[in-house]
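In the numbering used here, the protein residues as written are 612 to 836.
Note that CB positions come from ideal geometry on N, CA and C, so glycine has one too.
Just so it is clear, the structure is predicted and the values come from calculations on it, not from any experiment.
One structure is given below, encoded as structure tokens.
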Amino acid sequence: MLERGPNRVCIEYMVLCMNTVDPFIRQRIISAAADLIKEAGSKALDFDMVAKRSDVDPATVGDLFDSKTQLVAEAQMSNYFAMVEPLHLVLHRVEAALSSGDEGGFWESVEENFVMAWSSGQVDQKWGILNQLHDIWSDPFSQSHFCDLLDIQFERWIAVVEGAKKHGWIGEHVDARALTAVFWSASVGQVITAGSSSLNLSSIEARDFLLSIVRGSKEEATSFG
Numbered sequence: 612m613l614e615r616g617p618n619r620v621c622i623e624y625m626v627l628c629m630n631t632v633d634p635f636i637r638q639r640i641i642s643a644a645a646d647l648i649k650e651a652g653s654k655a656l657d658f659d660m661v662a663k664r665s666d667v668d669p670a671t672v673g674d675l676f677d678s679k680t681q682l683v684a685e686a687q688m689s690n691y692f693a694m695v696e697p698l699h700l701v702l703h704r705v706e707a708a709l710s711s712g713d714e715g716g717f718w719e720s721v722e723e724n725f726v727m728a729w730s731s732g733q734v735d736q737k738w739g740i741l742n743q744l745h746d747i748w749s750d751p752f753s754q755s756h757f758c759d760l761l762d763i764q765f766e767r768w769i770a771v772v773e774g775a776k777k778h779g780w781i782g783e784h785v786d787a788r789a790l791t792a793v794f795w796s797a798s799v800g801q802v803i804t805a806g807s808s809s810l811n812l813s814s815i816e817a818r819d820f821l822l823s824i825v826r827g828s829k830e831e832a833t834s835f836g
């Protein structure tokens with residue numbers, strides 16, 4: 612039996628989405644919708660616009676998607692993962708540094724990841740990422756699939772923290788699940804403070820604060836050990 616990893620989840624999703632129509636047409640429609648949403652937002656989207664952009668008959672869009680809500684959710688999921696793809700590449704470098712015992716490379720990649728994650732909520736529209744999540748959550752199936760994919764990333768980061776603890780790079784008392792939750796939540800939740808005159812932190816300030824706590828935990832644990 613296949614383990615439930617990224618490939619297994621994607622296979623399950625593809626099987627559920629398959630229709631008698633060429634699956635490449637479905638993906639073309641999603642890509643067109645994703646581009647239109649980036650240009651004008653999800654509220655303005657309709658099947659006719661998407662059909663014209665993807666060069667298909669409007670009836671085909673209706674056959675492949677039960678509602679505008681479903682199409683918007685899948686398009687926004689596509690937009691989200693396109694936005695965070697660079698973060699996934701950095702995570703590969705974090706894991707590689709951990710595997711090779713390269714502490715300097717490990718922290719350099721972790722710092723880069725945090726700066727990129729924090730900055731993602733400050734690009735263009737300050738609330739852009741929240742709009743994406745709202746649209747994805749509007750469709751139950753897309754929400755479930757999205758959460759499956761996020762869980763894979765969460766588990767990878769938890770494994771990274773546990774591995775760093777074994778190397779002695781992070782204090783043994785640090786809760787890997789809590790650290791992962793704070794790390795991810797901060798990069799999304801910071802959009803709430805983006806317009807504040809007192810709490811609008813730069814990605815560098817946020818990175819330095821969080822990592823001073825994480826890296827300081829090692830020294831603190833040693834001093835009390």
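Quiz item: Mind checking isoleucine 622: buried by the 16 CB within 10 Å criterion, or exposed?
Solution: Low confidence applies to isoleucine 622: its pLDDT is 49, below 50, so where it sits in the model is not reliable, and the reading given next is rough at best. When all chains shown are included, isoleucine 622 counts as exposed.
Quiz item: With 16 as the cutoff for other CB atoms within 10 Å, does glutamate 685 come out buried or exposed?
Solution: buried
Quiz item: Closest by CA to aspartate 659, which one among Val667, Ser653 and Gly652?
Solution: Val667
Quiz item: Just how far apart, CA to CA, sit phenylalanine 676 and leucine 656?
Solution: 14 Å
Self-check item: Proximity below 8 Å, CB of histidine 778 to CB of glycine 712
Solution: yes
Practice problem: Could you spell out the range, first to last residue, of the alpha helix (DSSP H) harbouring glutamine 801? | Solution: Element bounds for glutamine 801: n/a, residue is neither H nor E.
Quiz item: What is the DSSP secondary structure of serine 711, reduced to helix, strand or coil?
Solution: helix
Quiz item: Quick one: what's got a C-beta closer than 7 Å to asparagine 811's C-beta in the same chain, skipping five residues either side?
Solution: Thr804 and Ala805
Quiz item: Is it the case that the Cβ atoms of glutamine 754 and isoleucine 747 are separated by a distance below 8 Å?
Solution: yes
Quiz item: With a Cβ-Cβ cutoff of 8 Å, do arginine 818 and phenylalanine 717 count as a contact?
Solution: no
Self-check item: Three-way DSSP call (helix, strand, coil) for leucine 760 in this model
Solution: helix
Practice problem: Compute the Euclidean distance between the alpha carbons of phenylalanine 765 and valine 771, then round it to the nearest angstrom. | Solution: 10 Å
Exercise. Express the C-alpha separation of isoleucine 740 and alanine 707 in angstroms, rounding to a whole number.
Key: 29 Å
Self-check item: For leucine 702 and isoleucine 781, the rounded distance between their alpha carbons
Solution: 17 Å
Self-check item: Neighbourhood of lysine 649 by C-beta distance below 8 Å, restricted to the same chain and skipping five residues each side
Solution: Asn690
Exercise. Report, in whole angstroms, the separation of the C-beta atoms of alanine 643 and leucine 709, which I expect to be a contact under 8 Å.
Key: Their Cβ separation, rounded to whole angstroms, is 39 Å, which puts alanine 643 and leucine 709 out of contact at 8 Å.
Quiz item: What residue does the alpha helix (DSSP H) around histidine 745 start on, and which one ends it?
Solution: 739-748
Quiz item: Taking the alpha carbon of phenylalanine 757 as the point to measure from, which residue in Arg767, Leu790, Gln687 and Glu816 has its own alpha carbon closest?
Solution: Gln687
Self-check item: Limits of the unbroken alpha helix (DSSP H) element including phenylalanine 635
Solution: 634-651
Quiz item: Does the distance from the CB of serine 665 to the CB of tryptophan 729 come in under 8 Å?
Solution: no
Quiz item: Does the beta-carbon of arginine 788 have 16 or more other beta-carbons within 10 angstroms, so that it is buried, or is it exposed?
Solution: exposed
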